[in-house]
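Asker: Residue numbers (the working numbering): 3 to 204.
Where is the CB? At the ideal position from N, CA and C, for every residue including glycine.
Mind looking over this structure? Questions follow.
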């Protein structure tokens, strides 16, 4: 259910999503990657079951394409009461033993439906930065809940993807105090040139 970047064996893209899969690959290839863990799709099985047994979920299924915003908000409100089960909490506590008590974390989504060739979902899911250990459950729930956000569901429907089968994994990664941050593109996003790489830093 929880995989450390540094100790992962063969990981399934369907379980950890493309973002986490790339971080694991980069870590194991020897690149300098802040340490972290990924909570897999299966980690959230009980949360999905709880949501899908609710009246809000029934309303969501009946309104896909109609009154979508209202039904998504109802499901997200239902998610606000989700709490880690004892099994989830024990697994998370064990994984966190690899980090200092005072560590700060970035909590990010890694849906198997993100970062696909034809569907990026860029900016669709929620990220929390500077999260303390005590704030992790809330931040994880925040990222999980964003799988039901109207913009995410609508984006899926517009691309012919099913809106009634949400899947998400969540990354908990050590946040570093950087002097410079940036993003690198393996192709030029301005002209779609595959022969140009672009690095944007500040």
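Thinking residue 108 and residue 131 are a contact (beta carbons under 8 Å), I'd like their distance in whole angstroms, please.
Answerer: The residue labelled residue 108 in the question sits at position 106 within the chain shown. The residue labelled residue 131 in the question sits at position 129 within the chain shown. With a Cβ gap of about 5 Å, residue 108 and residue 131 count as contacting.
Asker: Suppose contacts are defined by Cβ-Cβ distances below 8 Å. Is residue 152 in contact with residue 70 by that definition?
Answerer: Looking up residue 152 in the chain shown gives position 150. Looking up residue 70 in the chain shown gives position 68. Cβ atoms of residue 152 and residue 70: closer than 8 Å.
Asker: Out of curiosity, what's the CA-to-CA distance linking residue 194 and residue 200?
Answerer: Reading the chain shown from its first residue, position 192 is the one you call residue 194. Reading the chain shown from its first residue, position 198 is the one you call residue 200. Taking the straight line from one Cα to the other gives about 11 Å.
Asker: What ranges does the alpha helix (DSSP H) occupy inside the segment 93-155, keeping only unbroken runs of at least 4 residues that lie completely in it?
Answerer: 138-147
Asker: Which whole-angstrom value is the C-beta distance of residue 6 and residue 100, which I expect to be below 8 Å?
Answerer: Here residue 6 refers to the residue found at position 4 of the chain shown. Here residue 100 refers to the residue found at position 98 of the chain shown. Between residue 100 and residue 6 the Cβ distance is about 6 Å, and since that is below 8 Å, they are a contact.
Asker: Three-state secondary structure (DSSP) at residue 160?
Answerer: Along the chain shown, read from residue 1 onward, the residue named residue 160 stands at position 158. Looking at residue 160 - three-state DSSP - the assignment turns out to be helix.
Asker: Let's see if you can read the secondary structure: which residues bound the alpha helix (DSSP H) around residue 62?
Answerer: For the purposes of this step, residue 62 is taken as residue 60 along the chain shown, with counting starting at 1. Note, residue 62: alpha helix (DSSP H), 57-64.
Asker: Kindly indicate the opening and closing residues of the beta strand (DSSP E) around residue 39.
Answerer: Against the chain shown, residue 39 aligns to sequence position 37. Looking at the DSSP string, the run of the beta strand (DSSP E) that includes residue 39 is 38-41.
Asker: Pairing CB atoms from the segment 87-95 with CB atoms from the segment 30-38, are three or more of them under 8 Å?
Answerer: no
Asker: Could you give the distance in angstroms between the alpha-carbon of residue 114 and the alpha-carbon of residue 23?
Answerer: Sequence index remark: in the chain shown, residue 114 carries index 112 (1-based). Sequence index remark: in the chain shown, residue 23 carries index 21 (1-based). Cα-Cα distance, rounded: 10 Å.
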